[in-house]
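For the record, the sequence lines run as chains A and B.
Take the first sequence: its letters are residues 86 to 578, numbered as in the numbering used here.
Take the second sequence: its letters are residues 7 to 213, numbered as in the numbering used here.
Every residue gets a Cβ at the ideal spot worked out from N, C-alpha and C, and that includes glycine.
Predicted model, so just to flag it, every value in this text is computed and none were measured.
This report concerns only the one structure given below.
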Amino acid sequence: MGMIAKVGDWFDRRLQLAAPVRAMAEHPVPRNTASWWYVFGSAALTVFILQIVTGILLALVYVPSGAEAWSSLQALNHNVTLGWFIRGMHGWGSNFMVAIVLIHMVQVFLFGAHKFPRELTWIIGVLLLLMTLGMAFSGQVLRFDQDAYWGLGIGASIASRVPILGPAIVKLMLGGPIIAGATLSRFFALHVFVIPGLLIGFVCLHVLMVLKLGINEWPMPGRIVRRATYEAEYHALTNKDGAPFVPYAVWKDMFFAAFIILAVAACALYFGPFGPTGMPDPTIIQTVPKPDYFFLWLYALLSLLPPSLETPVLLIGPVLAIAGLLLLPFLSGEGEKSWKRRPIAVLTVSLIAITLGTFTHLAGFTPWSPHMNAWSSDPVPARLIEGSSALERQGALVFQVKQCRNCHSLGESGGQRGPALDSVAVRLTQDQLIRQVIQGGGNMPAYGKNLSPAETTALVAFLGSLHPKGQAPARDASRDVTLTNANQPFTKP
Amino acid sequence: MATKPALAPSTDAAISRRGFFMKLGIVFNALAASVVAVPIVGFLFSSITRGRANGYLSWVLLGKVSEFPEGETRLATFRNPYVMPTDGKTADTACWVRRVEGEQFQVFAVNCAHLGCPVRWFPQSGLFMCPCHGGAYYRDGSRASGPPERGLFEYPYKVQNGVIAIQAGELPTPGSATALLTGTTPCAAHEQFVSIQGAEASLENRG
């Protein structure tokens with residue numbers, strides 16, 4: 086017996102782990118589950134382990150103090166050798182982890198793996214998804230910059246809307262009356278101790294259940310899951326058509342795991358770490374806070390919901406969504422597994438993906454937000470004032486100075502909160518323009534108190550000149566008649 | 007022999023004796039857990055009340071009235087009255103001070119009434135605009151457009167000896183104490199108003 090074998094034998098006499106580990110590794114899996122579609126679970130675990138490693142490395146330097154966190158991140162980025170790379174790995178690892186967990190969930194759902202007898206595996210998976218999102222949010226807070234600060238403010242504003250308990254929840258969440266040092270400390274505890282501890286425990290349970298219950302077989306259209314017969318059928322399948330997990334299926338997991346680690350490293354190397362953006366100083370209000378990628382859809386939703394629906398959707402929506410996910414295996418615990426025979430499942434996934442994708446895309450350019458600097462930075466396109474009268478040019482000035490540009494674009498630059506005004510004169514008559522400017526309406530503030538009659542006249546003259554060449558501006562047909570009649574002395578017919 | 011050995015206990019009695027001690031052990035641990043739970047829960051929820059009748063609110067000085075020209079809205083900053091050693095810059099807070107005329111003010115929180123982003127004042131158009139979700143407010147803080155359901159939060163203020171003070175100390179959210187008070191009416195917390203005698207001197211020291 087060689088020396089290594091002897092040492093190994095010495096340990097195993099005491100640990101007695103070799104036999105169960107071998108049994109686990111060599112347990113038979115259905116042959117057709119050795120598929121590239123089955124690699125996302127192990128990839129999620131791989132990224133999680135990577136996150137633990139890079140997280141511990143960051144904790145060697147990071148200071149969870151409201152006064153020093155931001156500068157310790159700067160030190161990591163600029164002073165500590167390869168600190169920027171480890172930060173990049175951790176930040177990109179976070180994005181990869183959320184993405185892989187979501188893909189894993191969709192795959193599991195479309196393959197019917199949530200059905201009997203794997204209901205609890207699914208439920209724990211849902212909890213793991215929530216914890217992963219919790220890690221993503223708390224991690225964004227630890228990157229204690231302006232986005233983190235105002236993101237916490239948004240979280241607090243949402244929490245405060247809970248009836249009766251709202252204010253107490255806010256102070257519990259912030260660790261005090263304001264977003265400050267205590268807030269960061271408790272998010273640090275959540276991000277570094279509480280959630281990872283839970284994650285490790287639940288990941289172990291999740292994997293244990295996959296081993297005990299067996300990996301979900303490749304779904305065949307027409308092969309129906311029945312509580313009474315499923316387990317016997319599954320065992321027959323693995324016995325008849327099974328192969329040992331190691332090495333028959335594991336090599337694909339290993340390839341994909343290595344690919345994901347390299348992809349995270351490549352992103353860290355090429356794109357670098359995330360932020361930190363500006364200092365978390367609440368007196369610096371020249372900031373446009375934005376959440377991290379995986380919360381952008383929420384940012385869009387909060388902007389687009391009608392005000393009256395917002396609080397109910399914010400408070401009841403998550404409860405319904407989580408309850409729906411948890412109850413799913415009980416609502417459809419039997420029946421077809423294959424996505425080819427589950428059109429509603431496929432449509433649901435597509436609808437959710439398209440909705441989230443659209444919201445995320447919209448949040449990339451925030452058409453609902455005023456462009457705070459458009460009025461002083463985006464010039465009026467020269468073609469719009471070519472050959473215009475002095476009054477119209479004065480109106481163009483009013484248009485810029487009164488920040489109309491922050492919400493209305495001209496020549497594709499400016500805010501998109503309100504409609505583009507390049508050809509507004511075709512849509513609105515002079516009277517309608519005056520009314521809209523003075524009284525506002527349709528989500529536009531009233532400018533009556535902030536415009537002198539001269540400014541209004543100039544502004545409306547400018548807006549009235551905004552129409553394509555060869556297309557006449559809108560005009561009220563009765564206006565000329567009324568004006569003409571007003572000038573005519575009244576005569577009896 | 008017909009009699010049992012004196013030292014051999016009956017099996018039933020031994021189980022119930024051990025069982026009794028195990029149950030006693032559980033009770034003892036439950037007792038210990040509940041004794042320890044009281045301070046743990048007290049610690050965990052200590053941030054909610056701070057054990058004070060008026061919570062975290064205090065009167066803080068913003069500056070001399072003369073620093074705020076009539077008819078204009080200016081950004082003012084103050085240090086939050088409740089500070090922890092690790093707060094750093096985060097305990098500094100900004101607010102918009104509108105001097106309507108004379109000693110009549112409106113002091114707005116910078117936090118949008120929608121979801122708390124910092125609103126910016128545009129004197130040319132007389133609007134506060136929020137960069138996040140597009141909320142806009144008129145110069146008097148009332149809602150102009152966008153998702154907010156109400157106007158800007160106002161701090162209660164007090165002018166004494168030419169110095170303006172506001173009652174602050176909490177992040178203004180739709181449910182917070184700050185949000186429930188309005189600035190223009192004399193507030194219920196009047197008796198809590200800390201005398202600001204000699205405030206000018208302290209302001210000069212601060213500067």
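Worksheet item: In three-state terms, what does DSSP make of alanine 505 of chain A?
Response: Start at 1 with the first residue of the first sequence, and residue 505 of chain A comes out as number 420. Annotated three-state conformation of alanine 505 of chain A is coil, per DSSP.
Worksheet item: Helix, strand or coil: how does DSSP classify leucine 400 of chain A here?
Response: As a working note, residue 400 of chain A is residue 315 in the first sequence. In the structure shown, leucine 400 of chain A sits in a helix (DSSP, three-state: H, G or I).
Worksheet item: To which residues does DSSP link cysteine 101 of chain B through a beta bridge?
Response: Residue numbering aside, residue 101 of chain B sits at position 95 when the second sequence is read from its first letter. Cysteine 101 of chain B is bridged to B:Ala82, B:Ala115.
Discussion item. Buried or exposed for alanine 198 of chain A, going by 16 or more other Cβ atoms inside 10 Å?
Written reply: Residue mapping note: residue 198 of chain A aligns to position 113 of the first sequence, counting from 1. Label assigned to alanine 198 of chain A: buried.
Practice prompt. Would you please state the rounded distance, in angstroms, between the beta carbons of threonine 83 of chain B and proline 129 of chain B? I believe it to be under 8 Å.
Written response: Here residue 83 of chain B is taken as the residue at index 77 of the second sequence, counted from 1. Here residue 129 of chain B is taken as the residue at index 123 of the second sequence, counted from 1. The beta-carbon distance between threonine 83 of chain B and proline 129 of chain B, rounded to whole angstroms, is 19 Å. This is too long to meet the 8 Å contact definition.
Item to complete: Would you please state the rounded distance, in angstroms, between the beta carbons of isoleucine 209 of chain A and leucine 275 of chain A? I believe it to be under 8 Å.
Response: In the first sequence, counting from the first residue as 1, residue 209 of chain A sits at position 124. In the first sequence, counting from the first residue as 1, residue 275 of chain A sits at position 190. Contact doesn't hold; Cβ gap of about 20 Å is too wide.
Worksheet item: DSSP state of glycine 189 of chain B, grouped into three classes?
Response: If you number the second sequence from 1, residue 189 of chain B lands on position 183. The pLDDT assigned to glycine 189 of chain B is 39, lower than 50, so where the model puts this residue is not dependable, and the model offers no usable value.
Worksheet item: Taking Cβ positions only, does valine 255 of chain A come closer than 8 Å to chain B?
Response: Taking the first sequence and counting its residues from 1, the one referred to as residue 255 of chain A is at position 170. Judged by the 8 Å Cβ criterion, valine 255 of chain A is in contact with chain B.
Worksheet item: In this structure, does DSSP put glycine 69 of chain B in helix, strand or coil?
Response: Residue mapping note: residue 69 of chain B aligns to position 63 of the second sequence, counting from 1. DSSP places glycine 69 of chain B in strand when its eight states are reduced to three.
Worksheet entry | Simplified DSSP assignment, three categories, for proline 115 of chain A | The count along the first sequence starts at 1 and reaches residue 115 of chain A at position 30. The three-state reading of DSSP puts proline 115 of chain A in strand, counting E and B together.
Fill in: Beta-carbon proximity check, cysteine 101 of chain B vs valine 116 of chain B, cutoff 8 Å
Within the second sequence, numbered from 1, the residue matching residue 101 of chain B stands at position 95. Within the second sequence, numbered from 1, the residue matching residue 116 of chain B stands at position 110. Yes. Within cutoff.
Worksheet item: Is the region 202-219 of chain A touching the region 161-172 of chain A in the sense that three or more CB pairs, one from each, lie closer than 8 Å?
Response: Between the region 161-172 of chain A and the region 202-219 of chain A there are fewer than three inter-stretch CB-CB distances shorter than 8 Å, so the stretches are not counted as touching.
Worksheet item: Of the choices A:Gly307, A:Leu548, A:Gly176, whose alpha-carbon is the least far from that of tryptophan 424 of chain A?
Response: The residue given as residue 424 of chain A occupies position 339 in the first sequence. In terms of Cα proximity to tryptophan 424 of chain A, the closest of A:Gly307, A:Leu548, A:Gly176 is A:Gly307.
Practice prompt. May I ask which residues mark the beginning and end of the beta strand (DSSP E) holding phenylalanine 134 of chain B?
Written response: Numbered from 1 along the second sequence, position 128 holds the residue referred to as residue 134 of chain B. Segment 133-135, the beta strand (DSSP E) holding phenylalanine 134 of chain B.
Worksheet item: alanine 39 of chain B: buried (16+ other C-beta within 10 angstroms of its C-beta) or exposed?
Response: Looking up residue 39 of chain B in the second sequence gives position 33. Burial state of alanine 39 of chain B is exposed, judged by a 10 Å Cβ sphere holding fewer than 16 other Cβ atoms.
Discussion item. For a test of the three-state rule: what should DSSP assign to proline 329 of chain A, helix, strand or coil?
Written reply: Sequence index remark: in the first sequence, residue 329 of chain A carries index 244 (1-based). Correct three-state label for proline 329 of chain A: strand.
Practice prompt. Determine the chain B residues that contact glycine 260 of chain A at a beta-carbon separation under 7 Å, and present them in chain order.
Written response: As a first step, residue 260 of chain A must be located in the first sequence, where it is residue number 175. Chain order gives the chain B residues near glycine 260 of chain A as Ser53, where near means a beta carbon separation below 7 Å.
Item to complete: Closer than 6 Å by C-beta to leucine 410 of chain A: which residues in its own chain qualify, once you throw out the five before and the five after it? Chain order, please.
Response: Numbered from its first residue, the first sequence carries residue 410 of chain A at position 325. Here the set comprises Val211.
Fill in: Spatial distance of phenylalanine 96 of chain A from glycine 286 of chain A (CA atoms)
Taking the first residue of the first sequence as 1, we reach residue 96 of chain A at position 11. Taking the first residue of the first sequence as 1, we reach residue 286 of chain A at position 201. For phenylalanine 96 of chain A and glycine 286 of chain A, the distance between alpha carbons rounds to 25 Å.
Worksheet item: Residues of chain C with CB under 9 Å from glutamate 540 of chain A, in chain order?
Response: Within the model displayed, chain C is absent; protein chains A and B are what it includes.
Practice prompt. Starting from lysine 164 of chain B, follow the beta strand (DSSP E) in both directions and report where the run begins and ends.
Written response: Residue numbering aside, residue 164 of chain B sits at position 158 when the second sequence is read from its first letter. Taken as a continuous stretch (DSSP letters only), the beta strand (DSSP E) holding lysine 164 of chain B covers 163-166.
Worksheet item: Looking at chain A, which residues of the region 110-136 of chain B have a Cβ within less than 7 Å of any of its Cβ atoms?
Response: The region 110-136 of chain B vs chain A, Cβ under 7 Å: Val116, Asn117, Leu121, Gly122, Cys123, Pro124, Arg126, Phe128, Gln130, Ser131, Gly132, Leu133, Met135.
Practice prompt. Could you work out which residue in A:Thr118, A:Leu568, A:Arg564, A:Arg99 is closest to alanine 328 of chain A when comparing CA atoms only?
Written response: In the first sequence, counting from the first residue as 1, residue 328 of chain A sits at position 243. Per the Cα distances, A:Thr118.
Fill in: As assigned by DSSP and simplified to three states, the class of phenylalanine 196 of chain A
Numbered from its first residue, the first sequence carries residue 196 of chain A at position 111. In the structure shown, phenylalanine 196 of chain A falls within a coil segment according to DSSP collapsed to helix, strand and coil.
Discussion item. Using beta carbons (cut-off 8 Å, strictly below), is tyrosine 161 of chain B in contact with chain A?
Written reply: Counting from one through the second sequence, the residue named residue 161 of chain B turns up at place 155. For tyrosine 161 of chain B, not one C-beta of chain A is nearer than 8 Å to its own C-beta.
Worksheet item: Grouping DSSP H, G and I as helix and E and B as strand, with all else coil, what is alanine 531 of chain A?
Response: As a first step, residue 531 of chain A must be located in the first sequence, where it is residue number 446. Alanine 531 of chain A: coil per DSSP, three-state reduction.
Fill in: Cβ of threonine 368 of chain A within 8 Å of any chain B Cβ
Mapped onto the first sequence, residue 368 of chain A falls at position 283. Yes, because at least one Cβ of chain B sits closer than 8 Å to the Cβ of threonine 368 of chain A.
Discussion item. Buried or exposed, going by whether 16 or more other CB atoms sit within 10 Å of the CB of tryptophan 336 of chain A?
Written reply: Here the question's residue 336 of chain A lines up with position 251 in the first sequence. Label assigned to tryptophan 336 of chain A: exposed.
Worksheet item: Among A:Ala233, A:Ile239, A:Val226, which one has its Cα closest to the Cα of histidine 120 of chain B?
Response: Numbered from its first residue, the second sequence carries residue 120 of chain B at position 114. That would be A:Ile239, whose Cα lies nearest to the Cα of histidine 120 of chain B.
Practice prompt. Indicate whether at least one CB of chain B lies closer than 8 Å to the CB of leucine 387 of chain A.
Written response: To locate residue 387 of chain A, count along the first sequence from 1; it is residue 302. Yes, leucine 387 of chain A counts as interfacial toward chain B.
Practice prompt. Taking isoleucine 171 of chain A as the reference, give the member of A:Ala353, A:Thr445, A:Ser508 with the closest Cα.
Written response: By one-based count along the first sequence, residue 171 of chain A stands at place 86. Among A:Ala353, A:Thr445, A:Ser508, the Cα nearest to that of isoleucine 171 of chain A belongs to A:Ala353.
Discussion item. Looking at the secondary structure, which residues open and close the alpha helix (DSSP H) in which tryptophan 336 of chain A lies?
Written reply: As a working mapping, residue 336 of chain A is identified with position 251 in the first sequence. 335-356 is the extent of the alpha helix (DSSP H) around tryptophan 336 of chain A.
Discussion item. Using only CA atoms, which one of A:Gly472, A:Val545, A:Gly526, A:Glu540 lies nearest to leucine 506 of chain A?
Written reply: As a position in the first sequence, residue 506 of chain A is number 421, starting the count at 1. Of the listed residues, the one whose Cα sits closest to leucine 506 of chain A is A:Val545.
Fill in: Cβ-based neighbour list, serine 550 of chain A, same chain, cut-off 7 Å, excluding 5 preceding and 5 following
Taking the first sequence and counting its residues from 1, one reaches residue 550 of chain A at position 465. The residues are Ser473, Glu477, Ala510.
Worksheet item: So, valine 191 of chain A versus valine 373 of chain A, is the Cβ gap smaller than 8 Å?
Response: Against the first sequence, residue 191 of chain A aligns to sequence position 106. Against the first sequence, residue 373 of chain A aligns to sequence position 288. Against a cut-off of 8 Å, the Cβ pair of valine 373 of chain A and valine 191 of chain A comes out as no contact.
Worksheet entry | Short CB-CB distance (under 8 Å) between glycine 93 of chain A and chain B | Translated into the one-based positions of the first sequence, residue 93 of chain A becomes position 8. Residue-level contact check: glycine 93 of chain A does not touch chain B, since none of the beta carbons of chain B fall below 8 Å from its beta carbon.
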